[in-house]
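Residue numbers (my numbering): 1 to 352.
Shown next, in structure tokens, is the structure this report addresses.
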Amino acid sequence: DDASLGSTIDQKRVVELPIVNRNFASLVVLTPGVQFGTRMGLSPLSTAGSFFPGATQVSANGQRDANQRVTLDGVIASEPLVNTVYFNPSIDAIEEVKVHTGSYSAEYGMNNGANVQVALKSGTNQYHGAFFEFLRNDALDAKDYFLNFQLPAGAALSQKNRLRRNQFGAWLSGPVNLGKLYNGKDRTFWFFSLDQYYIRGGQLGGFNTNATARMLGGDFGEWEAAGRGGIFDPASTAVDASGRATRTQFPGNIIPKSMMDPVALKMIPFYPSPNAVPTNQFTFNNNFFSAGKARSTDDRFDARVDHNFSDKFKTWWRGSFANGNNTPFNGFGNIGTSSGDGPGDGNNYNIA
1 DDASLGSTID QKRVVELPIV NRNFASLVVL TPGVQFGTRM GLSPLSTAGS FFPGATQVSA
61 NGQRDANQRV TLDGVIASEP LVNTVYFNPS IDAIEEVKVH TGSYSAEYGM NNGANVQVAL
121 KSGTNQYHGA FFEFLRNDAL DAKDYFLNFQ LPAGAALSQK NRLRRNQFGA WLSGPVNLGK
181 LYNGKDRTFW FFSLDQYYIR GGQLGGFNTN ATARMLGGDF GEWEAAGRGG IFDPASTAVD
241 ASGRATRTQF PGNIIPKSMM DPVALKMIPF YPSPNAVPTN QFTFNNNFFS AGKARSTDDR
301 FDARVDHNFS DKFKTWWRGS FANGNNTPFN GFGNIGTSSG DGPGDGNNYN IA
């Protein structure tokens, strides 16, 4: 009767199973043949740095993660470029998750990879609700193994990588009851959920090779002293009798300020000074070490109203909204950084 492959994850398992970052994609990978996608580095396992902490990508049976398709209550929730799902509904708002991995019927067309249908909860005849908070904090963690190394200057990174992750929210449901005006028992119901992430994490930028203060001022005397050769004046190029081009070295290996581009001079203040002993004193390699913080927030809302005109005529309306704000790690601590990125903000809507 049905040759489709896949599984159904019911509401009990959705709520009670431990889920990394409370992302429903962690349930999807319980289905045989399904694994997390890795496009753009967006993973349900990430704690900070992705544009939305709940960005979802999965692949099934060898198909690309760009071939996934995810729907919320039958409405497509995948963006059209690479089918990443940036809207991750609250776990407490999900009724069930169905996963089709192959040979599914034409009603689930459009893509040939994982086909995920997420159904959200509806209201009930009684008032129900819950409040929650999930905490992850470096005070409860062991030190990251990869932080156990020595800086070139001999100082050890003794502190643990900073992590402050709070996810809290609530959900409420019940019948529409307006007192004497209207009693919606058995007919009209409502459901509302709120889920919020607040993530503050430490991040290592690692080693960079930055110009020294003297070099940024045009003085490459230390460069020549290290045996790296001279800096020559490009305006002095001449061709001798043999046809060979020659140039004159700047006196003292110092480039005159008058020859520096005014735009370059304005960029120089954005380069931080070296703060670590270089791994090679002649090339000044790895003379700058950066570490800092990254933070992101994700606010999500779901609201639904059901109304039953009769046993055979039932309607419902649902609206979902998510706002993601991300301020990633900035290695230089300014807008000129080459290690890190700038802030981003985005909104997502899903209406059924």
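Glycine included, each C-beta is placed from N, C-alpha and C at the ideal position.
Practice task
Taking the CB atoms as reference points, tell me whether residue 218 and residue 249 lie closer together than 8 Å.
Solution key: no
Problem - Cutoff 7 Å; reference residue 117; Cβ partners in own chain excluding five residues on either side - result: 71 and 98
Practice task
Just list the beta strand (DSSP E) runs in the segment 239-274, keeping only unbroken ones of 3 residues or longer that don't cross its boundaries, in chain order.
Solution key: 245-249
Handout entry: Per-residue DSSP class, three states only, for residue 57
Key = DSSP places residue 57 in the coil class of the three-state scheme, outside both helix and strand.
Handout entry: For residue 302 and residue 89, the rounded distance between their alpha carbons
Key = 8 Å
Handout entry: Of the residues 168, 166, 135 and 188, the one placed nearest residue 176, counting alpha carbons only
Key = 188
Practice task
With a 10 Å radius around its C-beta and 16 neighbouring C-beta atoms as the bar for buried, classify residue 8 as buried or exposed.
Solution key: exposed
Practice task
Please report the residue range of the beta strand (DSSP E) in which residue 119 lies.
Solution key: 115-120
Exercise for the section: Have a look at 108, 298 and 91 and flag the residue whose alpha-carbon is nearest the alpha-carbon of residue 17. Expected result: When 108, 298 and 91 are compared, the shortest CA-CA separation from residue 17 is found for 91.
Handout entry: Cβ-based burial, residue 328 [other Cβ within 10 Å; buried from 16]
Key = buried
Exercise for the section: Quick one: give me the first and last residue of the alpha helix (DSSP H) that residue 16 is part of. Expected result: Where residue 16 is concerned, the enclosing alpha helix (DSSP H) stretches over 11-16.
Practice task
Keeping to the same chain, check which residues put their C-beta closer than 6 Å to that of residue 226; ignore five residues upstream and five downstream.
Solution key: 282
Handout entry: CB contact flag (residue 331, residue 202, <8 Å)
Key = The answer is no: Cβ separation not under 8 Å.
Handout entry: N- and C-terminal bounds of the beta strand (DSSP E) containing residue 95
Key = 94-102
Handout entry: Neighbour-count burial assignment, residue 338, 16 or more Cβ in a 10 Å radius
Key = Counting Cβ neighbours within 10 Å, residue 338 comes out exposed, since fewer than 16 surround it.
Exercise for the section: Using only the heavy atoms of the ligand GTP, determine whether one of them is closer than 7 Å to the beta carbon of residue 232. Expected result: What this structure holds is no ligand at all, so the ligand GTP is not there to describe.
Handout entry: Rounded separation between residue 143 and residue 291 - CA only
Key = 16 Å
Problem - Reduced DSSP secondary structure (H/G/I, E/B, other) of residue 198 - result: Judged by DSSP in its simplified three-state form, residue 198 adopts strand.
Exercise for the section: Would you kindly report the start and end of the unbroken beta strand (DSSP E) that includes residue 176? Expected result: From DSSP, residue 176 is part of no beta strand (DSSP E); its letter is neither H nor E.
Problem - For residue 323: DSSP bridge partner residues - result: 299 and 347
Problem - Straight-line Cα distance separating residue 60 from residue 4 - result: 13 Å
Exercise for the section: List the DSSP bridge partners of residue 167. Expected result: 134 and 197
Practice task
Run the CB neighbour count on residue 183, radius 10 Å, all protein chains shown included, and call it buried at 16 or more, exposed below.
Solution key: When all chains shown are included, residue 183 counts as exposed.
Exercise for the section: Measuring alpha carbon to alpha carbon, tell me which of 270, 305, 208 and 326 ends up nearest residue 293. Expected result: Out of 270, 305, 208 and 326, 326 has the C-alpha closest to the C-alpha of residue 293.
Exercise for the section: Grab me the residues of residue 278's own chain with a C-beta within less than 8 Å of its C-beta, minus the 5 sequence neighbours each way, in chain order. Expected result: Cβ neighbours of residue 278 beyond the five flanking positions: 152, 209, 284, 285, 286 and 287.
Handout entry: Supposed close pair residue 382, residue 347 - CB separation, criterion 8 Å
Key = This structure does not reach residue 382, given that the chain is present from 1 up to 352, and the question cannot be answered.
Exercise for the section: List the whole-angstrom C-beta distance separating residue 247 from residue 236, where the pair is believed to meet the contact cut-off of C-beta under 8 Å. Expected result: 5 Å
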